[in-house]
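Residue numbers (my numbering), protein chains in the order written: chain A, 1 to 467; chain B, 468 to 859. All residues carry an ideal CB built from backbone N, CA and C; glycine is no exception. In this text the structure is predicted, and so the values were computed from the model without any measurement. Before any comments, here is the structure.
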Amino acid sequence: MVGITSYGAYVPLFRLNREVLAKGARGEKAMGSFDEDSITMAVAAASDCLNGIDRGTVEGLYFATTTSPYKEKLAAPIVAMAADLREDIFTADFAHSLRAGTSALRAAVDAVKAGSAKKVMVAAADCRLGTPGSAFEQNFGDGAGALLIGDSDVVATIEDIYSVYNEIFDVWRADGDTFVRSWEDRFTSTHGYLEVVAAAVSGLMKKSGSSPGDFAKVVLYTPDARRVMGLAGSLGFDVKTQLQDPLFADMGNTGTAFPIMLLVAALEEAKAGDRILFASYGNGSDAFILQVTEQIEKLKGRRGMKGHLASKKVINDYKTYLTWHEILPREQAKESVRFFSAPAAWRERETNLRLQGVKCKVCGTIQFPPQRVCAKCHTKDQFEPYRLSDKKAKIVSFAMDYVTPAPALPTITTTIDFEGGGRMECYMTDGEPEQVKVGLPLEMSFRRIIDRDGARIYFWKSMPIRA
Amino acid sequence: MGSIKDKVAIVGMGCTQFGELWDKDYKDLMVDASYEAFEDAGIEPKDIQAAWYGSRESGFTGSHLANALKLEYIPVTRVENFCAGGTDTFRNACYGVAAGIYDIALACGVEKTKDHFGGFNMDITDPFDRSMVEWELPPVSQFAQLANGYFNKYKWSYEEGKKILAKIAVKNHHNGTLSPKAHFHREITLEQAINAPMISYPLGLFDACGVSDGGAAAIVTTPEIAKSMRKDYILVKALSLDNGGGQGKLRSDYDFSYIPETVEAGKLAYKEAGIKTPRQEIDIAVVHDCFTITELLIYEDLEFSPRGKGPEDVEAGTYELTGKLPVNTDGGLKCFGHPLSASGLRMIYEVYKQLQGKAGPRQIKKADIGLTHNVGGVCSYFNCAVAIFGKP
């Protein structure tokens, strides 16, 4: 049976206290750092999902987002390469809709069913912006989810799928809009979300001959904290025992990634034999019935939703939010004599995106970036590739710059030694100056470095290990 | 391998005022430095048979020097080797003379840093066109890593380490007050240095050298010709240069508590000059204190202090003007200022004046053997130059 063989999630370390957005507003919203975007978060969720999985077995990568940095340029290959997937696999972006995550999931299930791929990774991420002062600004959060679809070692089989579409202006962003637009709530909830998700869920139950009592859990996208309860109740589910908590107090609406992240949260609590009903929303709805298998127990050791939600730093000022999301202009470092070179970026793609070093076949020394002549035994061109992105590391030495303009000071730079060998000099991210010292344990995180000439440059940074 | 020892003599030197010279451009600096050197040597520009021009970002061809000085169709080679560029410029001129090709050669290093926003364009050690993944921070980040590596190795707390570094800054600020051509002429206190705003942890404002405009020049010739020109010419005893191959950033056996390039360049120079006990034999050293931590490491890397004992010599005043081995008698990069490719020649200028006994209020008592040192670039890719000079 085709289904989910692994799952992963990513919630940024930072949470914005909603109190800074509106007096009395409750909870926190997940907030990406200035060096994160949908691509970096998708890579983090995909890496979480690939924990313990042979990356060479993945034969497709579908990236779903409404917040790609590009209108014309495929983002999926960036995610695929940073996740260190093979180059001879099918990649596609699913975009333009909050339903893109489940569209990608449905396509992945179909691809595996049809035998066109053995395993397909679905990675969904979003970092949408609400207009300052709006309810959207309070509700939206940043995050990513990833599901690996396959037909062996399945942790949750996908039993049935049902989709509907609806043509409506409820929430949308035109080309060039920074913030999400919407029609008035009374209209959109009635003829948008409530009506359409209800149609998909009841259509699916009818098609599969099931009833609300058959499900251990119902996982539904929701535009806000409240509306999903009314919807689930009206469909005949018990809100208290069956409805997946939409995590509004902890995270907020993470757009395209939201239903997938909630599904991951549900799977983390699921037992073998549980049936889950799962539906998205966005100009229509995709609804799925899942059946959890005995394999679910094997997916321990990943951070997933629970681990990422528990590891957090709360931001209590609005300026940080506005600056990091480039809503407020910020001081830029004076441009130096450096030009972005597409050929250089292309030549270094394995190094910079996969974080691929080399291991000398003669003396075994691991080196990053790759060299032509070994730094230890001076043998020429006798190297094999060596992945560093999933290795832990420690600080050898560091610096903390308080002067050069940056969205957050100090800018921490580190020289690190990887467990198992290899050394690298890189920025540190998501760290506090007070914790930085020689020997600090680290992991690697894929982040934005700079935007230049319309090109977004990504690279790996060191990061204190997330608890 | 041959040796430069006693094969080349300096017969004239010039050095401009260092500082924020808003009213001068790089050609003014070439003219001012070179003409002081011509005058000091008692020669005319037409006597120069070949020239070397050191510049990191103030002109990318030797023709700039020919243009400024209106040299008449002689070879001018531009030299760039980051912070060691000035000494390397001098080194190449010396080899031109030692090879017997030229009788009299000019080495001129100039840097107009302050026309660039924020001082100088720090990112041009690598090719201009790149994938842009490298960090974009000033050089201090590299030297802060050395400070953190050193503090960690010898178990210095931040407070203990800062105090030692502050003493080096206070010393160089004092020496700077005795150098009319220096960028800064101001005494500072230990407290000021320790409490100055942080630039790159653990280095603060007073741990950093001045970014300055300036130029310096030397006229070199054979010892035979030198004898006919003046009595107090100065002999070149050693010229060493080495470049790091990046091993320290690739291999895990480097701990950022020393600079291997300085160690190796020092050994080469001592061998060439025949120096066995540097701490005893060297009378004055003018070294690359781009940051206070660099000067501390140099004490150990050049074998002035035993490994790990540099701070003890700082406490003992060994390197002060009245100490056993005065270091950076003219204020160093810290106060004289640091116009990159001019700095090596400025250091030679100070040693030249001290050995001639013409250093004015900062003249040290015994000055027979002097050393200069530059190190530039980024950790493990440093380029390092050491030069040693003596009296005839």
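Buried or exposed by the 16-neighbour rule on C-beta atoms within 10 Å, applied to S211/A:
Sequence index remark: in the first sequence, residue 211/A carries index 211 (1-based). The residue is exposed, with fewer than 16 neighbouring Cβ atoms inside 10 Å.
| said: Assuming the contact rule is C-beta atoms closer than 8 Å, S847/B and G715/B should be a hit. Round their C-beta distance to whole Å, please. | reply: Taking the first residue of the second sequence as 1, we reach residue 847/B at position 380. Taking the first residue of the second sequence as 1, we reach residue 715/B at position 248. Their Cβ separation, rounded to whole angstroms, is 3 Å, which keeps S847/B and G715/B in contact under 8 Å.
Inset, instruction - Could you tell me which of C377/A, T414/A, D110/A and A408/A sits nearest to I395/A, measuring between CA atoms? - result: As a first step, residue 395/A is located in the first sequence; it is residue number 395 there, counting from the start. Considering only alpha carbons, the answer is T414/A.
Checklist entry - What does I666/B reach in chain A if we use C-beta pairs closer than 8 Å? => result To locate residue 666/B, count along the second sequence from 1; it is residue 199. The contacting residues are D401, Y402 and V403.
Query raised in the report: What residue range is occupied by the uninterrupted alpha helix (DSSP H) comprising K240/A?
Result: The residue you call residue 240/A lines up with position 240 of the first sequence. Counting along the chain, the alpha helix (DSSP H) containing K240/A begins and ends at V239 to Q242.
Since D722/B meets chain A, which of its residues come closer than 8 Å, beta carbon to beta carbon? On the second sequence, position 255 is the one that residue 722/B refers to. Neighbours of D722/B on chain A, chain order: V396 and S397.
*asked:* Please identify the residue among T404/A, W460/A and F418/A whose C-alpha is closest to the C-alpha of T429/A.
replied: Residue 429/A sits at position 429 when you count from the first residue of the first sequence. Considering only alpha carbons, the answer is W460/A.
Reduced DSSP secondary structure (H/G/I, E/B, other) of E41/A = On the first sequence, position 41 is the one that residue 41/A refers to. A small correction: the amino acid at residue 41/A is Met; Glu does not occupy that position in the sequence shown. Residue state, collapsed to three classes: helix.
Locate the beta strand (DSSP E) running through D417/A, then write down its first and last residues. Numbered from its first residue, the first sequence carries residue 417/A at position 417. Segment T411 to F418, the beta strand (DSSP E) holding D417/A.
Exercise. Please classify K29/A: does DSSP put it in a helix, a strand, or coil?
Key: As a position in the first sequence, residue 29/A is number 29, starting the count at 1. Looking at K29/A - three-state DSSP - the assignment turns out to be strand.
Check: Closer than 9 Å, Cβ to any Cβ of chain A: which residues of the segment 805–838 of chain B, in chain order?
Finding: none
With F63/A as the anchor, note down where its alpha helix (DSSP H) starts and where it stops.
-> Your numbering for residue 63/A matches position 63 in the first sequence. Segment G60 to T65 is the beta strand (DSSP E) holding F63/A; no alpha helix (DSSP H) there.
Is the Cβ-Cβ distance between A535/B and V543/B less than 7 Å? To locate residue 535/B, count along the second sequence from 1; it is residue 68. To locate residue 543/B, count along the second sequence from 1; it is residue 76. No, Cβ-Cβ distance for A535/B and V543/B is not below 7 Å.
**Item:** Proximal chain B residues relative to T320/A, where beta-carbon distance stays under 8 Å
**Value:** The residue given as residue 320/A occupies position 320 in the first sequence. Neighbours of T320/A on chain B: none; closest Cβ ~20 Å, over 8 Å.
Original post:
What residues of chain B sit near Q423/A, judged by a beta carbon separation below 7 Å?
Top reply: Counting from one through the first sequence, the residue named residue 423/A turns up at place 423. In the sequence as presented, Gln is not what sits at residue 423/A; that position holds Arg. Within 7 Å Cβ-Cβ: K716, L717, R718 and S719.
**Message:** Judging by CA-CA distance, which residue of G713/B, P690/B and P727/B is the nearest neighbour of G857/B?
**Reply:** The residue given as residue 857/B occupies position 390 in the second sequence. Of G713/B, P690/B and P727/B, the residue nearest in Cα terms is P690/B.
Starting from G843/B and walking both ways along the alpha helix (DSSP H), at which residues does that stretch end? Counted from its first residue, the second sequence places residue 843/B at position 376. It is not in any alpha helix (DSSP H) - G843/B instead sits in the beta strand (DSSP E) that spans I836 to G843.
Could you check whether the segment 831–839 of chain B touches the segment 724–732 of chain B, counting it as contact only if at least three pairs of C-beta atoms, one from each stretch, sit closer than 8 Å?
no
- Message: Once DSSP output is grouped into helix, strand and coil, what is the label at H641/B?
- Response: Along the second sequence, read from residue 1 onward, the residue named residue 641/B stands at position 174. Residue state, collapsed to three classes: helix.
task = For the segment 320–351 of chain A, enumerate the residues whose C-beta is nearer than 7 Å to any C-beta of chain B, in chain order.
result = A333, K334, S336, V337, R338, F339, F340, S341, A344, A345 and E348
Requested in this report: Check whether the segment 767–774 of chain B touches the segment 636–644 of chain B, taking contact to mean three or more Cβ pairs, one atom from each stretch, closer than 8 Å.
Outcome: no
Local Cβ density within 10 Å of C377/A, reported as buried at 16 or more and exposed below that = By one-based count along the first sequence, residue 377/A stands at place 377. Classification of C377/A: exposed, given that the 10 Å Cβ count is below 16.
Exercise. According to the neighbour-count rule (16 or more other Cβ atoms, all chains shown, within 10 Å of its Cβ), is C802/B buried or exposed?
Worked result: The residue you call residue 802/B lines up with position 335 of the second sequence. Label assigned to C802/B: buried.
By the 9 Å beta-carbon criterion, what residues does the segment 594–610 of chain B contribute toward chain A? P594, F595, D596, R597, S598, M599, V600, E601, W602, E603, L604, P605, V607, S608, Q609 and F610
*Cβ shell of S97/A (< 6 Å), same chain only, five flanking positions each side left out*: The sequence position of residue 97/A within the first sequence is 97, counting from 1. Around S97/A: G282 and N283.
Delimiting residues of the beta strand (DSSP E) encompassing D490/B: Within the second sequence, the letter at position 23 stands for residue 490/B. That residue, D490/B, is in no beta strand (DSSP E); it is neither H nor E in DSSP.
Item to complete: Could you check the C-alpha separation between D93/A and F595/B for me, to the nearest Å?
Response: The sequence position of residue 93/A within the first sequence is 93, counting from 1. The sequence position of residue 595/B within the second sequence is 128, counting from 1. Cα-Cα distance, rounded: 33 Å.
Report task. With DSSP as the reference, label K306/A as helix, strand or coil. Result -> Numbered from 1 along the first sequence, position 306 holds the residue referred to as residue 306/A. Correct three-state label for K306/A: helix.
Can you tell me the Cα-Cα spacing of L792/B and R597/B, whole angstroms?
Position 325 of the second sequence holds residue 792/B. Position 130 of the second sequence holds residue 597/B. If you take the alpha carbons of L792/B and R597/B, they lie about 45 Å apart.
query = For the segment 430–441 of chain A, which residues have a CB atom closer than 9 Å to at least one CB atom of chain B, in sequence order?
reply = P433, V436, K437, V438 and G439
query = Given that a residue counts as buried once 16 or more other Cβ atoms are within 10 Å of its Cβ, and exposed if not, what is S346/A?
reply = Taking the first residue of the first sequence as 1, we reach residue 346/A at position 346. Residue 346/A is actually Trp in this sequence, not Ser. Exposed, since its Cβ has fewer than 16 Cβ neighbours within 10 Å.
Query - Three-state secondary structure assigned by DSSP to N17/A - result: Numbered from 1 along the first sequence, position 17 holds the residue referred to as residue 17/A. Three-state DSSP puts N17/A in a strand.
query: L788/B to A854/B, Cα distance in whole Å?
result: Position 321 of the second sequence, counted from the first residue, corresponds to residue 788/B. Position 387 of the second sequence, counted from the first residue, corresponds to residue 854/B. If I take the Cα positions, the gap works out to 20 Å.
Exercise. In chain B, what lies closer than 7 Å to D417/A by C-beta?
Worked result: Locating residue 417/A in the first sequence gives position 417, counting from the first residue. Ordered by position in chain B, the residues that pass the 7 Å Cβ test against D417/A are S719.
Q.
Which residue marks the beginning of the alpha helix (DSSP H) containing A174/A, and which one marks its end?
A. Residue mapping note: residue 174/A aligns to position 174 of the first sequence, counting from 1. First-last for A174/A: undefined, no H or E at that position.
Closest Cα partner of D768/B within the set I749/B, D797/B, N795/B and E728/B = For the purposes of this step, residue 768/B is identified with residue 301 of the second sequence, where counting begins at 1. Comparing Cα positions, the closest option is E728/B.
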